[in-house]
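2 protein chains.
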Amino acid sequence: MSLTREKIIELGESFILTKGYNAFSYQDISRELGMKNAAIHYYFPSKANLGTSIVRTNIQRFEEMVENMETRGFSEWQQLESFVKVYIKSNREGKLCLLGSLGPDFATLHENTQKELKKMTDIILNWLTGLLSAGRNNTVFSFHGDAHHYAVRFLSDLVASLQLSRVVSSMDYKAYCNTLLEGLKP
Amino acid sequence: MSLTREKIIELGESFILTKGYNAFSYQDISRELGMKNAAIHYYFPSKANLGTSIVRTNIQRFEEMVENMETRGFSEWQQLESFVKVYIKSNREGKLCLLGSLGPDFATLHENTQKELKKMTDIILNWLTGLLSAGRNNTVFSFHGDAHHYAVRFLSDLVASLQLSRVVSSMDYKAYCNTLLEGLKP
DNA sequence: GTCTATATTCCGATAGAC
DNA sequence: GTCTATCGGAATATAGAC
Numbered sequence: 247m248s249l250t251r252e253k254i255i256e257l258g259e260s261f262i263l264t265k266g267y268n269a270f271s272y273q274d275i276s277r278e279l280g281m282k283n284a285a286i287h288y289y290f291p292s293k294a295n296l297g298t299s300i301v302r303t304n305i306q307r308f309e310e311m312v313e314n315m316e317t318r319g320f321s322e323w324q325q326l327e328s329f330v331k332v333y334i335k336s337n338r339e340g341k342l343c344l345l346g347s348l349g350p351d352f353a354t355l356h357e358n359t360q361k362e363l364k365k366m367t368d369i370i371l372n373w374l375t376g377l378l379s380a381g382r383n384n385t386v387f388s389f390h391g392d393a394h395h396y397a398v399r400f401l402s403d404l405v406a407s408l409q410l411s412r413v414v415s416s417m418d419y420k421a422y423c424n425t426l427l428e429g430l431k432p
Numbered sequence: 247m248s249l250t251r252e253k254i255i256e257l258g259e260s261f262i263l264t265k266g267y268n269a270f271s272y273q274d275i276s277r278e279l280g281m282k283n284a285a286i287h288y289y290f291p292s293k294a295n296l297g298t299s300i301v302r303t304n305i306q307r308f309e310e311m312v313e314n315m316e317t318r319g320f321s322e323w324q325q326l327e328s329f330v331k332v333y334i335k336s337n338r339e340g341k342l343c344l345l346g347s348l349g350p351d352f353a354t355l356h357e358n359t360q361k362e363l364k365k366m367t368d369i370i371l372n373w374l375t376g377l378l379s380a381g382r383n384n385t386v387f388s389f390h391g392d393a394h395h396y397a398v399r400f401l402s403d404l405v406a407s408l409q410l411s412r413v414v415s416s417m418d419y420k421a422y423c424n425t426l427l428e429g430l431k432p
C-alpha cells in the first residue's frame, strides 16, 4: 500500500467534506502533493475510482471503530456518545460528514460510488438501530416508536445540523448534540 | 419581468435540487430552452447572479406561503402540516430542498449567494421557532426544551431525511414525516 | 433588447517519458 | 513503477451581431 495513495485518499476526502465532490479537482490534490494533476490518475484512473475508494475507506474506519468499542466493552450510552463525538470533531474542523456531502450529489456519482455509499449508510443505520434497540431494552435509552425510524431521525439530526451550522448565524453545535443525547435519557 | 427570465430561474432551481449547484451548467438550461448557453448570460451575467436570484425567489415564495396561511387563519398545527407537505412533495419529485442542496456547497458559493442563503435559513427558522413556541402555549404542540433548538432539530429532520431517502434502500418518506408530526402531539 | 460567435480557462483523462 | 507532456472537451464568460 503506497503512501502517496493514502495521502491522495486523505486529501480527496478532505476536499469532499469542505468543497463538495463536484467542486474539487485532481489539481487541488496534486498541488498539495507537489505533483502534476495527471499523476493522480496513476493511482486512481478516474475520479469515480477515487470517490469509491474514499467511501470504502470510511466504511472500514467505521467498522474498526465499532469493533474497538465492543472489544472495550463500551455501554450503549458510551457507544452513542463516541459516535456523536465524531460529528462534533468534524464540526470543529469545518467539515461535513461523508454522507451529508455525497448524499446531495448522489445523482451525479458513478454507479459504483452510489452502491458503496448506500452500503455505508445501511451499515451505519443498522448499527445505530441495533444500538438504540438494545439500549432501550437495557433501559439505557428511552424513546417512542420504531427503533429504525428513530435511528434515521438521529442520523438526520447529526448530518443536517452539520450542514446547518455553516448556514445558521449562531449555532452551538456541541450544545445542540448534547440536547440530542439528553432526549434519549430515561 | 421577462418570461424567459422566469423560466431560467425555474430550470436553474430544478437542476440545483436534482444535480447540485456545481454540477449543473448554463448549457443544461439553454438546451431546454432551445438557445445557446451564452444567451443565459444576458439575463444573469454570472452563475452567482443566477444562484442568488434563485434563493431570493425562494424567500419570496416562503413569505407568501406564510402570509396566505395567516390570512386563512390556519392553526399552528395546520401551518406545520402545510410546511411538511412541501417537503413530501419535493421527495415525490426526487428533489431536495434548496437549503439541503446549497448548504453542503456553501463554501463554493459567491458571497452574495451565501448571504441570501443565510437570510433564507434565518427567516425559516425564526418562523418555525415562533410557530412551535406559540403552538406549545396553546397546547397544540408538546415538546421539551428550547423552542429554537427544537426548530433546528425539526428542520434538520426534514432536510437530511430528504437526502437520506435517496441513499437509504427502503425509506417511506411520508410515513417518516408523519412520525415527526406525531412526536409533537400532546 | 435579445441572442450568437467566439475566447479563455480549467476539467478529467491518455499516451508516453524516465 | 512513477510521473509529465499533452489532448479533447466542457465550463463560465465577453464582445459583438441582429
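Residue numbers (this note's numbering), protein chains in the order written: chain A, 247 to 432; chain B, 247 to 432. Where a beta carbon is used, it is the ideal one built from N, C-alpha and C, also for glycine.
Chain-ordered chain A contacts of residue i [CB-CB under 7 Å]
i	result
tyrosine 422 of chain B	His395 and Val398
glycine 402 of chain B	Note on residue identity: the sequence assigns serine, not glycine, to residue 402 of chain B. Within chain A, the residues near serine 402 of chain B are Ser402, Asp403, Ala406, Ser407 and Leu410.
Assigned secondary structure, residue i (DSSP; H/G/I helix, E/B strand, else coil)
i	result
valine 330 of chain B	helix
valine 413 of chain A	helix
alanine 353 of chain A	helix
tyrosine 396 of chain A	helix
tyrosine 268 of chain B	The question names tyrosine, yet the displayed sequence has asparagine at residue 268 of chain B. The answer is coil: DSSP assigns asparagine 268 of chain B none of H, G, I, E or B.
threonine 375 of chain A	helix
glutamate 428 of chain B	helix
glutamate 339 of chain A	coil
glycine 391 of chain B	coil
arginine 382 of chain B	helix
phenylalanine 290 of chain A	coil
methionine 311 of chain B	helix
glycine 346 of chain A	helix
arginine 277 of chain A	helix
phenylalanine 261 of chain A	helix
glycine 319 of chain B	coil
serine 402 of chain B	helix
tyrosine 247 of chain B	The sequence shown places methionine at residue 247 of chain B, not tyrosine. Methionine 247 of chain B: coil per DSSP, three-state reduction.
aspartate 418 of chain A	coil
lysine 282 of chain B	coil
Amino acids of chain B, ordered along the chain, whose beta-carbon sits closer than 7 Å to that of residue i
i	result
glycine 391 of chain A	Thr425
asparagine 268 of chain A	Gly266, Asn268 and Ala269
aspartate 274 of chain A	What aspartate 274 of chain A touches in chain B: nothing, since even the nearest Cβ is about 12 Å away.
leucine 371 of chain A	Val414
Distance between beta carbons of residue j and residue i, contact taken as under 8 Å
i	j	result
leucine 378 of chain A	tyrosine 396 of chain A	6 Å
leucine 410 of chain A	glycine 349 of chain B	7 Å
glycine 258 of chain B	aspartate 351 of chain A	At roughly 17 Å, the Cβ-Cβ gap does not stay under 8 Å, so glycine 258 of chain B and aspartate 351 of chain A are not in contact.
serine 388 of chain B	lysine 431 of chain B	7 Å
cysteine 423 of chain B	tyrosine 288 of chain B	That belief does not hold up - the Cβ atoms of cysteine 423 of chain B and tyrosine 288 of chain B are roughly 41 Å apart, past 8 Å.
threonine 367 of chain B	valine 414 of chain A	6 Å
Cβ-based neighbour list, residue i, same chain, cut-off 6 Å, excluding 5 preceding and 5 following
i	result
leucine 263 of chain A	Lys341, Leu342 and Ser347
leucine 344 of chain A	Asn304
glycine 381 of chain B	Glu322 and Phe387
alanine 393 of chain A	Thr375, Leu378 and Ser379
serine 271 of chain B	none
methionine 417 of chain A	Ser411
glutamine 273 of chain A	Asn283
Same chain, Cβ closer than 7 Å to residue i, neighbours up to 5 away in sequence not counted
i	result
asparagine 358 of chain B	Ala294 and Thr298
valine 386 of chain A	Ser321, Glu322 and Trp323
lysine 365 of chain B	Ile305
alanine 285 of chain A	Ser276
lysine 420 of chain B	Ile334
Closer than 9 Å at the beta carbon, the chain A residues around residue i
i	result
threonine 367 of chain B	Leu410, Val413, Val414 and Ser415
leucine 236 of chain B	Outside the modelled stretch of chain B, which goes from 247 to 432, sits residue 236 of chain B, for which no answer is possible.
Close beta carbons around residue i, own chain, < 8 Å, minus the five adjacent residues each side
i	result
methionine 315 of chain B	Gln324, Gln325 and Ser328
isoleucine 370 of chain B	Phe308, Leu345 and Leu401
serine 260 of chain B	Lys341
threonine 354 of chain B	Tyr267 and Asn268
threonine 250 of chain A	Leu279 and Tyr289
valine 330 of chain A	Leu404, Cys423, Leu426 and Leu427
isoleucine 255 of chain A	Leu296, Ser299, Ile300 and Thr303
alanine 406 of chain A	Gly346
Exercise. Using a Cβ cut-off of 9 Å, which residues of the segment 332-360 of chain B contact any Cβ in chain A, in chain order?
Worked result: Gly340, Leu342, Leu345, Gly346, Ser347, Leu348, Gly349, Pro350, Asp351, Phe352, Ala353, Thr354 and Gln360
For this session: Using a Cβ-Cβ cut-off of less than 8 Å, give me the residues of the segment 406-419 of chain A that come near chain B, in sequence order.
Result: Ala406, Ser407, Gln409, Leu410, Arg412, Val413, Val414, Ser415 and Met417
Exercise. Of the residues that make up the segment 279-307 of chain B, which ones have a beta carbon closer than 8 Å to any beta carbon in chain A?
Worked result: none
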